[in-house]
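> Pasting a structure below so you can have a look.
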């Protein structure tokens, strides 16, 4: 895999890990109080499985970044530190005590990113660090691509459910982080899971987004989980 693909996956999966972790925490809290029904128990099991899958792939991507793309990865982390420092300095210039917590959070993030750079374990989960980087860098509307913002000239990604053949338009659900890189992004590959609007069965789609003008989508594979796509 090239560096861009590896880097995209690290951030994409970190967002998934954070989402699954939050959902699991809420369901486990309810479970401790005996509030879960059968459907919620099934959802908790599903989230745990998806969390472990995401962590497994994310760990592999991080190892690949460090071993096969070391210099590019270090340059990226240094760039992130510079951008976070710039955000912190902008807040400091406002001289507003109400921003002290935000400033402290950014300073902590700088420390965590430097820990990852030097292959030290950050204070919090490494995936939380990559998730929080996204939150900081996207505050001004940069570095995100949303299917909802596409104009009428762009195509749509409409995979057919492998269970009932219903076509599902998943374009509007796409909201991804594109990490800062030297040259503009040309394409990204995504593997995600969706619920069919007709039969409600879950299915997995692997597809590419080509950032042409207009944007073009390419479906690589569709199947019912569990499946093993080479990602």
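Residue numbers (the numbering used here): 89 to 319. Built from N, CA and C at the ideal position, the CB exists for glycine as well. In this text the structure is predicted, and so the values were computed from the model without any measurement.
#1: In the DSSP output, what is residue 107 paired with across the bridge?
#2: May I ask which residues mark the beginning and end of the beta strand (DSSP E) holding residue 219?
#3: Find the nearest neighbour of residue 313 within the set 301, 280, 307, 123, judged by alpha-carbon distance.
#4: Rounded to the nearest angstrom, what separates residue 283 and residue 223 at their Cα positions?
#5: Secondary structure at residue 279, three-state DSSP: helix, strand or coil?
#6: Which residue from 296, 170, 271 puts its Cα closest to that of residue 246?
#7: Distance check for residue 287 and residue 249, CA to CA, integer angstroms please.
#8: May I ask you to report which of helix, strand or coil DSSP gives residue 206?
#9: Would you identify the three-state DSSP class for residue 228, choosing helix, strand or coil?
#10: What whole-angstrom Cβ distance do residue 112 and residue 139 have, given they're in contact under 8 angstroms?
#11: Mapping DSSP to helix, strand and coil, what is residue 188?
#12: Would you identify the three-state DSSP class for residue 306, choosing helix, strand or coil?
#13: Which value, in whole angstroms, describes the spacing of the CA atoms of residue 173 and residue 110?
To lay it out plainly:
#1: Along the chain shown, read from residue 1 onward, the residue named residue 107 stands at position 19. Answer by DSSP bridge pairing: none, since residue 107 is not bridged.
#2: Position 131 of the chain shown holds residue 219. Per DSSP, residue 219 belongs to no beta strand (DSSP E); it is in the alpha helix (DSSP H), 214–225.
#3: As a first step, residue 313 must be located in the chain shown, where it is residue number 225. Nearest of 301, 280, 307, 123 to residue 313, Cα basis: 280.
#4: The count along the chain shown starts at 1 and reaches residue 283 at position 195. The count along the chain shown starts at 1 and reaches residue 223 at position 135. Computed Cα separation, rounded: 27 angstroms.
#5: Numbered from its first residue, the chain shown carries residue 279 at position 191. Annotated three-state conformation of residue 279 is strand, per DSSP.
#6: Walking along the chain shown from the start, residue 246 turns up at place 158. Here the closest residue by C-alpha is 296.
#7: By 1-based counting over the chain shown, the position of residue 249 is 161. By 1-based counting over the chain shown, the position of residue 287 is 199. If I take the Cα positions, the gap works out to 9 angstroms.
#8: Numbered from its first residue, the chain shown carries residue 206 at position 118. DSSP places residue 206 in coil when its eight states are reduced to three.
#9: Numbered from 1 along the chain shown, position 140 holds the residue referred to as residue 228. Reduced to three states, the DSSP call for residue 228 is coil.
#10: The sequence position of residue 112 within the chain shown is 24, counting from 1. The sequence position of residue 139 within the chain shown is 51, counting from 1. Indeed, because the Cβ distance is near 7 angstroms, the residues count as touching under 8 angstroms.
#11: Within the chain shown, residue 188 is the residue found at index 100, counting from 1. Here residue 188 sits in helix by DSSP.
#12: Along the chain shown, read from residue 1 onward, the residue named residue 306 stands at position 218. In this structure, DSSP gives residue 306 an extended state, which the three-state scheme calls strand.
#13: Locating residue 173 in the chain shown gives position 85, counting from the first residue. Locating residue 110 in the chain shown gives position 22, counting from the first residue. Taking the straight line joining both Cα atoms gives about 28 angstroms.
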